[in-house]
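Below is one structure, written out as structure tokens; comments come after it.
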Amino acid sequence: MTKYDPHVIETKWQESWESEGLYHVFEDPSRPKKYVLEMFPYPSGDIHMGHVRNYTIGDVVARHATMLGMNVLHPIGWDAFGLPAENAAIKSNSHPAKWTYANIETQAASFKRMGFSYDWDRTVRTCDPEFYRWGQWIFLKFWERGLVERKSSPVNWCPSCKTVLANEQVVGDGVCWRCKSTVEKRELEQWFLKITEYAQELLDDLDTLTGWPERVKAMQANWIGRSEGAEVEFTLCDEAGEPSDRRITVFTTRPDTLFGCSFFLLAPEHPLVAELTAGTEFDESVRSIVDMAAKETSVERSGSDRTKRGAFTGRYVVNPVNGEKVPVWVADYVLMEYGTGAVMAVPSGDQRDFDFARFYGLPIPPVVLSEDDPLLAELAGVRERVRADVTWPGAFDAEGVLVQSGEFTGMRGGKKSEAMHAVTAWLAERGLGRETINFRLRDWLISRQRYWGNPIPAVHCPACGLVPVPEDQLPVVLPMDVDVTRGETLADHPEFYETTCPRCGGAARRETDTMDTFTCSSWYYLRYCDATNDGAPFDPAKAGHWMPVDQYIGGIEHAILHLLYSRFYTKVLRDVGLCDFDEPFTNLLTQGMVKLDGATMSKSKGNVVAPEDMIARYGADALRAYILFMAPPDKDLDWSFDGLEGMWRFLNRAWRVVDDISQMSASAPGATADDAPAKALRRATAASIAKCGADVERFQLNTAIAGLMEYVNAVYDYRRDVPEASQDSTLLRRAACDLTLLLAPFTPHMAEELWRVVLCEPGSVHRQSWPTFDPAVLFTDELELPVQVNGKVRDRVVVAADASEGAIIEAALALPNVIAHIAGMTVRKVVVVPGRLVSVVVG
RNA sequence: GCCCGGGUGGCGGAAUGGCAGACGCGGAGGUCUCAAAAACCUUUGGGGGAAACCCCGUGUGGGUUCGACUCCCACCCCGGGCACCA
Numbered sequence: 019m020t021k022y023d024p025h026v027i028e029t030k031w032q033e034s035w036e037s038e039g040l041y042h043v044f045e046d047p048s049r050p051k052k053y054v055l056e057m058f059p060y061p062s063g064d065i066h067m068g069h070v071r072n073y074t075i076g077d078v079v080a081r082h083a084t085m086l087g088m089n090v091l092h093p094i095g096w097d098a099f100g101l102p103a104e105n106a107a108i109k110s111n112s113h114p115a116k117w118t119y120a121n122i123e124t125q126a127a128s129f130k131r132m133g134f135s136y137d138w139d140r141t142v143r144t145c146d147p148e149f150y151r152w153g154q155w156i157f158l159k160f161w162e163r164g165l166v167e168r169k170s171s172p173v174n175w176c177p178s179c180k181t182v183l184a185n186e187q188v189v190g191d192g193v194c195w196r197c198k199s200t201v202e203k204r205e206l207e208q209w210f211l212k213i214t215e216y217a218q219e220l221l222d223d224l225d226t227l228t229g230w231p232e233r234v235k236a237m238q239a240n241w242i243g244r245s246e247g248a249e250v251e252f253t254l255c256d257e258a259g260e261p262s263d264r265r266i267t268v269f270t271t272r273p274d275t276l277f278g279c280s281f282f283l284l285a286p287e288h289p290l291v292a293e294l295t296a297g298t299e300f301d302e303s304v305r306s307i308v309d310m311a312a313k314e315t316s317v318e319r320s321g322s323d324r325t326k327r328g329a330f331t332g333r334y335v336v337n338p339v340n341g342e343k344v345p346v347w348v349a350d351y352v353l354m355e356y357g358t359g360a361v362m363a364v365p366s367g368d369q370r371d372f373d374f375a376r377f378y379g380l381p382i383p384p385v386v387l388s389e390d391d392p393l394l395a396e397l398a399g400v401r402e403r404v405r406a407d408v409t410w411p412g413a414f415d416a417e418g419v420l421v422q423s424g425e426f427t428g429m430r431g432g433k434k435s436e437a438m439h440a441v442t443a444w445l446a447e448r449g450l451g452r453e454t455i456n457f458r459l460r461d462w463l464i465s466r467q468r469y470w471g472n473p474i475p476a477v478h479c480p481a482c483g484l485v486p487v488p489e490d491q492l493p494v495v496l497p498m499d500v501d502v503t504r505g506e507t508l509a510d511h512p513e514f515y516e517t518t519c520p521r522c523g524g525a526a527r528r529e530t531d532t533m534d535t536f537t538c539s540s541w542y543y544l545r546y547c548d549a550t551n552d553g554a555p556f557d558p559a560k561a562g563h564w565m566p567v568d569q570y571i572g573g574i575e576h577a578i579l580h581l582l583y584s585r586f587y588t589k590v591l592r593d594v595g596l597c598d599f600d601e602p603f604t605n606l607l608t609q610g611m612v613k614l615d616g617a618t619m620s621k622s623k624g625n626v627v628a629p630e631d632m633i634a635r636y637g638a639d640a641l642r643a644y645i646l647f648m649a650p651p652d653k654d655l656d657w658s659f660d661g662l663e664g665m666w667r668f669l670n671r672a673w674r675v676v677d678d679i680s681q682m683s684a685s686a687p688g689a690t691a692d693d694a695p696a697k698a699l700r701r702a703t704a705a706s707i708a709k710c711g712a713d714v715e716r717f718q719l720n721t722a723i724a725g726l727m728e729y730v731n732a733v734y735d736y737r738r739d740v741p742e743a744s745q746d747s748t749l750l751r752r753a754a755c756d757l758t759l760l761l762a763p764f765t766p767h768m769a770e771e772l773w774r775v776v777l778c779e780p781g782s783v784h785r786q787s788w789p790t791f792d793p794a795v796l797f798t799d800e801l802e803l804p805v806q807v808n809g810k811v812r813d814r815v816v817v818a819a820d821a822s823e824g825a826i827i828e829a830a831l832a833l834p835n836v837i838a839h840i841a842g843m844t845v846r847k848v849v850v851v852p853g854r855l856v857s858v859v860v861g
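If you're matching positions, the first sequence starts at 19 in this note's numbering and goes up one per residue.
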């Protein structure tokens, strides 16, 4: 009789596994490979419950796959660059590297204490030169392919983080993803990766990701934001309508409404605005709109219930489709970032234009009418404009029939309509427009004005311009003598930035911006395949063996950011010739958040439940099993202490029954019991093996554990129902061994102790095969089938497993409660679902 | 507004068109004990009934089906993403 003592056995086995190299893995082509990966952590400090959940899910999946005989890669590493390290260094008067590496040590110790089955030899830390060197190398490959651009544009600036941000890092109501400060727009010259060149493929390939959750794919599709339409050329003209040689292009999804364009709009930031109004009487009023827009944040400027403001520029453009002269206005609701920053206003077909037209008294000529619009009687078939206003309360933007639209009158209009294609074709023939696809996705701004990041390998040469650092000079090493506590960045270190041009040898300045941390996380999963390679980021053959990641597990908060960037990197590396696959992550599991009373746990709120405290009390195995049991992995979970005690009880119950069975003397040879309890136990064993495996494969880890509880209950039932002297110890020992094997992925330490010490079985439980069973055991001689009368269960019938349909019906109709419910009625039909139920229809 | 996901006991949750509520927490009662803890046993959706058993019940309203938590249509509510996107 031994006691379950997790504190002794857990650390004992952790040390043992490490010295045995139990989780060390190498490529073995003789077995099917499986790459199980959890999103790597940021070394923020102690681990929290979210980590426990994320990495436990992955560990169960990896261990189960290993027991199924697969060649499993299950690595870990740290996403180690980033601003929190700088902030922490300032606070503690230290260096970001010191803080980062110390936290990595702490987290690594916690992960080991949780018993995760990582191959530690493949550990990646993105702030190690051995890693970031290859991030720079990949950047140069992007550059060679024309995917790197340095350009000036209005960018997001976080005043608190003192750096620019990518669009994807501006979240919610225009706040910084990390510090939640409101982001400002600034016109700056920055480095971009041209992710937009892959917009169409990133969108199209979402359809191939059948192993991804719908909502993640929907979020990415939303973010990429494809819309089909046309570019249309408007020609600037003078007040008399005499055209100039100056054209302004607009993007529209509704070229079919072109005849309804009654004014033309420019964004306040549009470069033409100042030029058009300079020195005219309109300059002042236009400037007031421009200034007002500039002062407001993008949050203040958005919101559709806001009154739209604008000013006439005094200039006109010619509508290409009818030669009409329309006034050019500046309007604060036109965005420079989307389309061309210029819009053809069709107030009858667009609510915003409608509001604007009403406010400033501009005409609203109807061009697309609903079938039931009374105006249709007046305007049907009318090609010329006879009406320039409507009595509608708002714009009509649905499908309808064209009126007052020249030769297109009578066609069906709407998005992607007949008229849209016809008008676009007409424009294209005359060189006045073309079909276009517009994306919401912007290029990825990757430069950061921060120290603790991967230096951008570029040199500014007064003679040669921007020059890439040659490959053989990589890495551009991040110097360690920068004092962030004094607010220093690389730009404060002449010994870093003073250099010579790699091309002409003249004096030059090294780039002092670093790369967005998301560049590191966009390819780290490839590095794990070949983590110590010092001649390349990875060997394509090794990546070819392991990639793509079969199962990726992480938080939903990366639905756009990390997952989109990684997909982009993979596609570029494929085009570079380093990968032969299109997508990095075949299956994705987005695990839910761990909350406390509905709120996210955070140190600042002081509502953190520390995993370490739970381990100290119940051990890592109980914590692992409990966090999995609380809810399905993809659902948010509200932490509660109540059930943890129950999980502790379950582990003790399982321990006790295995321990008891291990001490039974062997039953007489050949004396295999075949009574009902023995059959029931055999069936329970087989059913549990089947259920547990199937549940793990579909990530129902909560029901997998529930199934193990049922199994333990079944073993107790047998021990209770059969007198001790008659119990079949062979059968029980088999059950105890199978139970231990099934527990192994979930509670690896307890299972190991039971296997090696209590049951005295040879070798590690984690080197055993997943248990199998004889399906024949699942069949029974007799079945109990529910009998429904008109859809309601009224009785149960016991029949032989091989009974004929006729015999089943006969027996069912003879049941007392069935007779009572069909009395006085006619049996119309009897449905027998084999092995399931009997359904009697009466009327 | 558009796009996703969700709505089941006191609670976490289960049920891949077939007995709704598995498993666990919590509750009630009991066994063991001087007592407690631990362990074990019984019970636990609501209502009626002594019981057999009956009625109601998976956000709402319809539909398909012998049979619907599950499939279809419409709607309500909650969570999330996008959004003055032309």
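The beta-carbon is built from N, C-alpha and C at its ideal position, and this holds for glycine as well.
Owing to the predicted nature of the structure, the values given are computational and were not obtained by experimental measurement.
- Residue pairing of Phe457 in beta bridges, as defined by DSSP: Arg244.
- Listed in chain order, the beta strand (DSSP E) elements of length 3 or more contained wholly in the stretch 508-540 are 516-518 and 525-528.
- A Cβ-Cβ contact shorter than 8 angstroms links Ala360 with Leu284.
- Its Cα nearest to that of Tyr542, the residue Gln154 stands out among Gln154, Tyr41 and Leu101.
- Taking the CA atoms as reference points, Ser540 sits about 24 angstroms from Lys116.
- Under the three-state reduction of DSSP, Thr790 is assigned to coil, being neither helix nor strand.
- In the DSSP secondary-structure assignment, Gln187 is not bridged to any residue.
- Between Ala684 and the set Gln745, Arg716 and Asn625, the nearest pair of CA atoms involves Gln745.
- Your pair Val676 and Leu777 checks out as a contact, with CB atoms roughly 7 angstroms apart and the cut at 8 angstroms.
- Leaving aside the five residues that flank Leu591 on each side, the residues in its chain whose CB is nearer than 8 angstroms to its CB run, in chain order, Ile156, Lys159, Trp541, Leu544 and Cys597.
- Annotation: His784 to Val70 spans about 20 angstroms, alpha carbon to alpha carbon.
- A residue is called buried once 16 or more other Cβ atoms fall within 10 Å of its Cβ, and Gly523, having fewer, is exposed.
- If you look at Cys479, you'll find it in the beta strand (DSSP E) that goes Ala476 to Cys479.
- A direct Cα-to-Cα measurement between Thr271 and Lys434 gives close to 8 angstroms.
- Less than 8 angstroms divides the Cβ of Gly278 from the Cβ of Val385.
- When C-beta atoms of the stretch 385-399 are compared with those of the stretch 417-424, three or more pairs fall below 8 angstroms, so the two segments count as touching.
- Spatial neighbours of Thr703 in its own chain (CB-CB distance under 6 angstroms, excluding positions within 5 residues in sequence) are listed in chain order as Ala753 and Asp756.
- Apart from the 5 residues on each side of it in sequence, Ile382 sits with its Cβ closer than 6 angstroms to the Cβ of Pro365, Ser366, Ala375, Asp407 and Val408 in its chain, given in chain order.
- Counting along the chain, the unbroken alpha helix (DSSP H) around Asp631 starts and ends at Pro629 to Tyr636.
- Three or more beta-carbon pairs separated by less than 8 angstroms link the stretch 779-794 to the stretch 83-94, which places the two stretches in contact.
- Linking Arg264 to Leu206 through their CA atoms gives a straight-line distance of about 28 angstroms.
- For a cut-off of 8 angstroms, the C-beta gap from Asp660 to Gly616 is around 16 angstroms, too long to register as a contact.
- When DSSP states are grouped into helix, strand and coil, Asp350 belongs to the coil group.
- Separation of the CB atoms of Thr454 and Phe269 is rounded to 6 angstroms, and the pair is thereby assigned contact status at 8 angstroms.
- The beta carbon of Met438 lies closer than 6 angstroms to those of Pro273 and Asp274 in the same chain, with the five residues before and after it left out.
- In the same chain as Ile578, and ignoring 5 residues on each side of it, the C-beta atoms closer than 7 angstroms to its own belong to Glu186, Met237, Gln238 and Trp241, in chain order.
- Non-local beta-carbon contacts of Leu855 in its own chain, meaning distances under 6 angstroms to residues more than five positions away in sequence, involve Leu803 and Pro804 in chain order.
- With a beta-carbon spacing of about 6 angstroms, Lys326 and Asp373 fall inside the 8 angstroms limit used to define contacts.
- Note that the stretch 95-108 touches the stretch 456-475; at least 3 beta-carbon pairs, one per stretch, sit closer than 8 angstroms.
- In the three-state DSSP reduction, Ile578 falls in the coil class, being neither helix nor strand.
- Buried is the label assigned to Asp461, since at least 16 other Cβ atoms lie within 10 Å of its Cβ.
- Leu290 has no beta-bridge partner at all, per DSSP.
- The beta carbon of His767 sits closer than 6 angstroms to those of Ile27, Glu28, Trp31, Gly133 and Asp639, all from its chain and outside the five residues before and after it, given in chain order.
- Taking C-beta atoms as the reference points, Thr532 and Ala107 fail to come closer than 8 angstroms.
- Residue state for Lys621 is assigned as coil, using DSSP reduced to three classes.
- CA-to-CA, the gap between Ile307 and Leu353 works out to about 13 angstroms.
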